[in-house]
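Going by the working numbering, the first residue of the sequence shown is number 76, and it counts up by one from there. Heads up, the beta-carbon is just placed ideally off N, CA and C, and yes, glycines get one too.
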Amino acid sequence: MKIALLGTRGIPASYGGFETCAEELGARLVERGHAVTVYCRSHHITYTKPRYRGMRLVRLPTIPNKYLDTLTHALISSVHALTQDYDVVLMFIAGNSPVSFLPRLVGQKVALNVDGLDWKRRKWPPLAKKYIQFAEWLATKLPNVVVTDSRRVQEYYRERFHAETKYIAYGADVLPLPPGEFLKQYGLEPHKYVLFVGRLVPENCPHHLVAAFDQIDTDMRCVIVGDAPYAADYIQQLKASAGPRVIFTGYLYGEGYQELSSHAFAFVETSEVGGTHPAVLEAMAFGNVVVVNDTRENLETIGDAGLHYAGSEGAAPLARVLQELIDHPEMAEEYRCRAKERVREHFTWDAVTDEYEALFERMTKK
Numbered sequence: 076m077k078i079a080l081l082g083t084r085g086i087p088a089s090y091g092g093f094e095t096c097a098e099e100l101g102a103r104l105v106e107r108g109h110a111v112t113v114y115c116r117s118h119h120i121t122y123t124k125p126r127y128r129g130m131r132l133v134r135l136p137t138i139p140n141k142y143l144d145t146l147t148h149a150l151i152s153s154v155h156a157l158t159q160d161y162d163v164v165l166m167f168i169a170g171n172s173p174v175s176f177l178p179r180l181v182g183q184k185v186a187l188n189v190d191g192l193d194w195k196r197r198k199w200p201p202l203a204k205k206y207i208q209f210a211e212w213l214a215t216k217l218p219n220v221v222v223t224d225s226r227r228v229q230e231y232y233r234e235r236f237h238a239e240t241k242y243i244a245y246g247a248d249v250l251p252l253p254p255g256e257f258l259k260q261y262g263l264e265p266h267k268y269v270l271f272v273g274r275l276v277p278e279n280c281p282h283h284l285v286a287a288f289d290q291i292d293t294d295m296r297c298v299i300v301g302d303a304p305y306a307a308d309y310i311q312q313l314k315a316s317a318g319p320r321v322i323f324t325g326y327l328y329g330e331g332y333q334e335l336s337s338h339a340f341a342f343v344e345t346s347e348v349g350g351t352h353p354a355v356l357e358a359m360a361f362g363n364v365v366v367v368n369d370t371r372e373n374l375e376t377i378g379d380a381g382l383h384y385a386g387s388e389g390a391a392p393l394a395r396v397l398q399e400l401i402d403h404p405e406m407a408e409e410y411r412c413r414a415k416e417r418v419r420e421h422f423t424w425d426a427v428t429d430e431y432e433a434l435f436e437r438m439t440k441k
C-alpha cells in the first residue's frame, strides 16, 4: 500500500508522542513492504535528506503560530496528497478533522487518530476549546475511520457522539542505555533521582512534583525534562518555586532522554488531561516505577503496574506516595517488574503496527 502520515510535526521525532508514533509505525510499515510518506513542517524538521528509515519525507510550510500551525500544515499536506495516489492517509489530532475529507475526494481512505480530549487543556481560550469540540464532532463525520489509543477516549466518543472508534494502543519499545555523559552532566547517580518528562504547561501539572519534593525527606534529586514554546510565564514561576534539589534540563531527546529514563528511581506523570501518555509507557518499558495523576486515562494505562495519587489535591498526596516508595525500595522494585511486563504484554510497536496494517487493509478493500 501507499500510505501517508500527516498532522504531526514530522520526523525524525523530536517533540512528542504522535511524532514518535509516525516514526516507529512508518518504519515498520516500510519493513513490511509498504511505501510510506511522512509530511513534515519545514520550520520544525531540520533533517535535510529525502528519506529517513525508509520513509519519504515531504517538507511543507505552515504558519508557525500557536493556533494556526497544526491545521494550516494539515491543510497544505492534504492538498498535496490529492496528487499522490495514496491508498490510505493516516491523520493525527482531532483538530485536523475539518480537512480530513480532502483525500477522500480522490478516493483515498482516511483514518484519523484523535488523541486525547485536547479541549480540556488550560492553554486554550474559550473559542479554541469550542473549535476543538466542534472538530471532535467532525471527526465522527468526515474521515472513514476514527482511531483512539485510549479506551476512556473511545468511551467518550461513544457517549457524546454515539460514534464507534477503533482502539489501537500506543507502542513503547525502548533501548535502555548504561550510565554515561548525561548523568555526569547533571550530577546524577542511578536510582537517585525522580524523573518528569513532558511539556511544561499548567495542565501537565509539573508544579505538583516540584512542590511535593519540598515535602519529601530524601537526598534524591528531582529532574524535570521538557519545555514549552508558549508558556514562558508559567515556566518562570515553576523554576522560581523549585528547591535546590530540582534540576531543569530543558528539551532532551535521543540518547539523553534514554539515559536519564533508564536510571530513574521513579517516573512521575502529573498531567490532568490527555489520553495515553507515551512518556508513561516508555518509562514503564525502561523499568521505572511510575506514579501518575489519578485520571481515568492514566489509571487505564498503568493497570496494576504503577501507583497513583489524588491529582485534584495536588502536591501533598504525591509527596506521600513518593515518600512511601523511597522508604520501601523493595516495593519500588516490585512495581518495576510489573511495569516492564505490562508493556511487553500490551504495548509493543510491532503489535501496534499489526493493528494499523490490518485496519488499512480492511479500509482499502471496502
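Return the CA-CA distance between residue i and residue j, expressed in angstroms with no decimal places.
i: ALA102; j: ASP144; result: 25 Å
i: LEU263; j: ILE78; result: 43 Å
i: LEU165; j: GLU106; result: 18 Å
i: GLY350; j: GLU372; result: 5 Å
i: THR121; j: TYR410; result: 39 Å
i: SER337; j: LEU252; result: 6 Å
i: GLU432; j: TYR332; result: 29 Å
i: ALA149; j: LEU81; result: 7 Å
i: GLN159; j: MET76; result: 12 Å
i: TYR64; j: GLY273; result: With the chain covering only 76 through 441, there is no way to say anything about residue 64.
i: ASP379; j: ALA414; result: 8 Å
i: HIS383; j: HIS119; result: 35 Å
i: ARG126; j: THR95; result: 16 Å
i: ALA186; j: GLY255; result: 41 Å
i: ASP425; j: ALA315; result: 43 Å
i: GLY318; j: TYR268; result: 14 Å
i: TRP212; j: PHE236; result: 7 Å
i: HIS155; j: VAL133; result: 9 Å
i: ALA238; j: THR439; result: 21 Å
i: THR240; j: LYS441; result: 17 Å
i: LEU374; j: VAL181; result: 41 Å
i: TYR142; j: GLU405; result: 47 Å
i: ARG84; j: CYS115; result: 5 Å
i: GLU430; j: ILE243; result: 7 Å
i: GLY362; j: ARG395; result: 22 Å
i: ALA341; j: ARG437; result: 41 Å
i: ALA97; j: ALA203; result: 26 Å
i: ARG320; j: LYS205; result: 40 Å
i: VAL189; j: CYS297; result: 32 Å
i: ALA210; j: PRO201; result: 14 Å
i: ALA360; j: CYS412; result: 10 Å
i: HIS403; j: VAL228; result: 35 Å
Using 7 Å as the threshold, is the C-beta distance between residue i and residue j below it?
i: ALA390; j: ALA286; result: yes
i: ARG226; j: VAL348; result: no
i: GLY381; j: ASP369; result: no
i: GLY170; j: ILE138; result: no
i: ILE151; j: VAL113; result: no
i: LEU397; j: ILE299; result: no
i: LEU393; j: HIS283; result: yes
i: PHE271; j: VAL364; result: no
i: SER175; j: LEU217; result: yes
i: SER153; j: ALA214; result: no
i: ILE401; j: THR293; result: yes
i: SER328; j: ASP302; result: Going by the sequence as given, residue 328 is Tyr instead of Ser. Their beta carbons are not under 7 Å apart, which means TYR328 does not touch ASP302 by this criterion.
i: PHE435; j: VAL111; result: no
i: PHE167; j: PHE93; result: yes
i: PHE257; j: LEU157; result: no
i: ILE377; j: VAL367; result: yes
i: LEU100; j: THR423; result: no
i: LYS184; j: ASN219; result: yes
Does residue i come out as helix, strand or coil in the three-state DSSP assignment?
i: MET406; result: helix
i: HIS282; result: helix
i: GLY182; result: coil
i: PHE288; result: helix
i: TYR245; result: coil
i: TYR231; result: helix
i: LEU177; result: coil
i: LYS441; result: coil
i: LEU397; result: helix
i: PHE236; result: helix
i: PHE271; result: strand
i: ASN352; result: Per the sequence shown, residue 352 should be read as His rather than Asn. The answer is coil: DSSP assigns HIS352 none of H, G, I, E or B.
i: ASN363; result: coil
i: TYR114; result: strand
i: PHE167; result: strand
i: LYS195; result: helix
i: ILE86; result: coil
i: THR215; result: coil
i: ASP263; result: Note on residue identity: the sequence assigns Leu, not Asp, to residue 263. Coil at LEU263, not helix or strand.
i: LEU434; result: helix
Does the region 276-293 come into contact with the region 246-266, if we say contact requires no fewer than three beta-carbon pairs (one atom in each stretch) closer than 8 Å?
no
Quick check for students: name the residue ranges of the beta strand (DSSP E) that lie wholly in the region 122-162, counting only runs of 3 or more.
130-135
So does the region 354-363 actually touch the region 418-432, counting three or more Cβ pairs closer than 8 Å?
yes
Could you check whether the region 308-321 touches the region 209-227, counting it as contact only if at least three pairs of C-beta atoms, one from each stretch, sit closer than 8 Å?
no
If you scan the region 320-349 from start to end, which runs of the beta strand (DSSP E) of 3 or more residues do you find wholly inside it?
321-325 and 341-344
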